[in-house]
Amino acid sequence: MNQPKPTSYSFDVTSADFDKQVVEASFEQPVLVDFWAEWCAPCKVMLPLLEQIAEDYQGELLLAKVNCDTEQDIVGRIGIQTLPTVVLFKDGKVVDGFQEAQPDSAIRAMLAPHVVMPEPAAEDPMVQAQALFAESRFADAEALLKNILTEDNSNAKALILYGRCLAERGELTEAQAVLDAVKSDEHKAELAGAKAQLTFLRQAADLPDVADLKTRVAQNPLDDEAAYQLAIQQLARQQYEGALEGLLKLFIRNRSYNEGITHKTLLQVFDLLGNDHPLVTTYRRKLFAALY
1 MNQPKPTSYS
11 FDVTSADFDK
21 QVVEASFEQP
31 VLVDFWAEWC
41 APCKVMLPLL
51 EQIAEDYQGE
61 LLLAKVNCDT
71 EQDIVGRIGI
81 QTLPTVVLFK
91 DGKVVDGFQE
101 AQPDSAIRAM
111 LAPHVVMPEP
121 AAEDPMVQAQ
131 ALFAESRFAD
141 AEALLKNILT
151 EDNSNAKALI
161 LYGRCLAERG
171 ELTEAQAVLD
181 AVKSDEHKAE
191 LAGAKAQLTF
201 LRQAADLPDV
211 ADLKTRVAQN
221 PLDDEAAYQL
231 AIQQLARQQY
241 EGALEGLLKL
251 FIRNRSYNEG
261 ITHKTLLQVF
271 DLLGNDHPLV
281 TTYRRKLFAA
291 LY
């Protein structure tokens, strides 16, 4: 007897186990039976479609596959005359079916009166919070993160994102306290990035506004202080590409500015964005070229 895989809801059946695997099983959940043959090209087109549909029903529907070349007893018993033929068993008897290849929509429409599609799995709250943060919906992200932290107040990933939300809303002292509460080393890079962003926000609060700094740089492109401060303001506003470009130009022009702070800041931005970010890939390569 061919048993379905633990993560799959489709399997082969023979005349020896058809009654158990199809007829009896259909009292528990409907069983779709696919009658196919090796020589039947439309059957081969239909099979992956049927298997995907069975997977989508997550156990509310089973798919039994009958090889008509070897299982003539079942073919004669059900009265199969055309391939492909697909029939639906429910409560021990055939309740619906179709012949010849059908599109996905038609198959699902046939199944709808007989099988209940399971509710989609709820999205991971952490994933939801990350998406809200990316949309700058910090308060909404915080609400989800508070629920996560109520269940596990040591969840490092949630603490880090919560700290970043607080920082973006200007709650810098509270954000620092939250980030300091992270004890795990598992998310070291993310923690370093969050602390870097907090540093940029703090620095930006004491600097001239962006318009004044842009005017200074426009009037004197060699004004290192204005160039650096403008980059910090841009980082505080998540304008990462402009900030990285400005920092790199300053580093190339004067790498010893303020005891090498430009190089340190570039590395902090890399931590903030993460190694997989395309800007990090680009500017890490440019920094390497400038260094060597």
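In the UniProt record's numbering, the protein residues as written are 1 to 292.
Think of the CB as a built atom: it goes at the ideal place given N, C-alpha and C, for glycine as much as any other residue.
Tell me the DSSP secondary structure of residue i in three-state form.
i	result
Ala205	helix
Thr282	helix
Lys93	strand
Leu32	strand
Pro48	helix
Asp69	coil
Tyr292	coil
Glu38	coil
Asn147	helix
Tyr162	helix
Met110	helix
Gly79	coil
Ala227	helix
Tyr57	coil
Gln3	At Gln3 the pLDDT is 40, less than 50, meaning the model places this residue with poor confidence; the figure from the coordinates comes in the next sentence. If DSSP states are grouped into helix, strand and coil, Gln3 belongs with coil.
Pro125	helix
His187	coil
Asp276	coil
Val178	helix
Val116	coil
Glu168	helix
I'd like to know whether the C-beta atoms of residue i and residue j end up nearer to each other than 8 Å.
i	j	result
Val115	Tyr57	yes
Phe35	Val75	yes
residue 336	Ile232	Absent from the structure is residue 336, since the part of the chain shown begins at 1 and ends at 292.
Ala196	Val269	yes
Gln29	Glu51	no
Lys249	Leu230	no
Val33	Ala25	no
Ala158	Leu172	no
Val182	Ala156	yes
Val45	Ala109	no
Tyr283	Leu235	no
Phe27	Gly92	yes
In the DSSP assignment, what residue or residues form a beta bridge with residue i?
i	result
Ser10	Leu63
Gln99	Thr85
Just how far apart, CA to CA, sit residue i and residue j?
i	j	result
Leu273	Pro208	25 Å
Asp96	Val87	6 Å
Gly246	Leu198	20 Å
Leu201	Ala54	51 Å
Asp140	Asp180	23 Å
Gly260	Asn254	9 Å
Glu186	Ala134	22 Å
Lys65	Ala112	21 Å
Phe251	Asp223	13 Å
Ser8	Asp69	24 Å
Ala205	Leu266	20 Å
Lys178	Arg164	Before going on, a small fix: residue 178 reads as Val here, not Lys. Answer to the nearest angstrom: the Cα atoms are 9 Å apart.
Asp271	His277	10 Å
residue 296	Lys20	Summary: the structure shown does not reach residue 296, with the chain confined to residues 1 through 292, and so no result is reported for it.
Leu49	Gln81	22 Å
Tyr292	Asn258	21 Å
Ala143	Asp212	37 Å
Ala175	Glu123	26 Å
Going along the chain, which residues of its own chain have a beta-carbon closer than 8 Å to the beta-carbon of residue i, five neighbours each way excluded?
i	result
Asn147	Pro125
Leu149	Asn155, Ala158, Leu159, Tyr162
If I measure Cβ to Cβ from residue i and keep anything under 7 Å in the same chain, skipping five residues before and after, which residues do I get?
i	result
Glu168	Phe138
Leu83	Phe35, Trp36, Ala37, Cys40, Cys43, Cys68
Arg216	Asp223, Ala226
His263	Phe251, Arg255
Tyr240	Val269, Leu273, Leu279
Val22	Val13, Val31, Val33, Ala64, Phe89
Keeping to the same chain, check which residues put their C-beta closer than 6 Å to that of residue i; ignore five residues upstream and five downstream.
i	result
Lys286	Leu248
Ala192	Asp271
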